[in-house]
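First the structure, in the form of structure tokens, and then the observations on it.
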Amino acid sequence: MPADMAALVADLAAESADLDRVLAGLDDAAWATPTPAAGWTVADQVVHLAHFDETATTSAVDPDRFRAEADALVAHGDDFTEVVALANRGRSPADLLAWLRTARAEYLRVFAALDPGTTLPWYGPPMSAASSVTARLMETWAHGQDVVDAVGATREPTARLRNIAHLGVATRGWSHRVHGEEPPSEPVRVELTAPDGPVWIWGPEDAADRVTGPALDFCQLVTQRRHRADLALTATGPVADHWLDVAQAFAGPPGPGRQPS
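So the sequence shown is numbered by UniProt numbering: it starts at 1 and just counts up by one.
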């Protein structure tokens, strides 16, 4: 079924507003708070989101420029995101929040007008416009988790998690490849309980391998914001079990994940 671009963009706008409310309530000192991402402060998390919002917009409006800038950045190696963070250290919280707001507003404006199937360059394989919006939603939610964990804020899980869960399922093959493994051919059935009660389902009903549990926990796992041992996910079968050990919904090298609490 074709992606509903308007719904995706609306979900991203809502997720952005939730994070903005947290950030706008912080004093300057809180922006220097270390987050669970080693070496990154709240400010670094915002830099990451704003910078890659801008580059995602560039991928849509000027693909050749994006490719040139992406090649230059990834030439730094696997830690190219650290290059972005370091280049923006010292900027004021007010400046960073304004940057994020401007970059996100422009991204939403540009992508709302795109066909969901439009192919765009990215760091690694190209992706569709709809996949880009889903990825930005995942990034916003995941880095937002780091921020709320750091400053002691809370947020309620919403049905927007379905987008992130879908990305987590769709990146199963990628999760194995990024760890140097051949993706298994066996299907996995995924049944996740949504925050408001319904069960979200992916995969064939007769699959021998299964993953079940809360959608929130699955999203925390595939974005590597919680250790598997701290989550209420059940894997049935060796293929499903190993997938949960390597799951990674984001681009780049294998992430370090989180330590168990």
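The C-beta atom is built at its ideal place from N, Cα and C for all residues, glycine as well.
Taking C-beta to C-beta, are residue i and residue j nearer than 8 Å?
i	j	result
Asp209	Val246	no
Glu191	Thr212	yes
Gly203	Val188	yes
Arg136	Asp53	yes
residue 273	Met138	This structure cannot speak to residue 273, because the chain is shown only from 1 to 261.
Thr223	Ala159	no
Thr55	Phe66	yes
Arg21	Gln145	no
Ala129	Pro116	yes
Thr58	Ala150	no
Leu244	Leu216	no
Using the Cβ count rule (16 or more neighbours within 10 Å means buried), how would you classify residue i?
i	result
Met1	Annotation note: pLDDT 43 at Met1 (below 50); position unreliable, no value reported.
Arg258	buried
Leu231	buried
Asp11	buried
Ser131	buried
Thr140	buried
Pro93	buried
With a threshold of 7 Å (Cβ to nearest heavy atom), would residue i be considered close to the ligand ATP?
i	result
Ala87	The ligand content of the structure shown is nil, which means the ligand ATP is not present either.
Out of the options, which has the shortest C-alpha to C-alpha gap to residue i?
i	options	result
Pro254	Pro214, His176, Asp206 and Phe111	His176
Arg101	Thr158, Val46 and Val148	Val46
Asp44	Leu114, Ala112, Val110 and Leu23	Leu23
Thr134	Pro214, Phe111, Ala215 and Ala94	Phe111
Val199	Ala13, Val151, Val42 and Arg162	Arg162
His48	Asp95, Ala85, Pro157 and Asp64	Ala85
Asp78	Trp99, Asp64, Val178 and Met5	Val178
**Study point:** Ordered list of beta strand (DSSP E) runs contained in the region 82-158, each at least 3 residues
**Key:** 119-122 and 124-128
Practice item. Report yes or no: do three or more beta-carbon pairs, one from the region 64-79 and one from the region 17-30, lie closer than 8 Å? Key: no
**Study point:** Segments of 4+ residues assigned as alpha helix (DSSP H) that fall wholly inside the region 154-190
**Key:** 161-170 and 172-178
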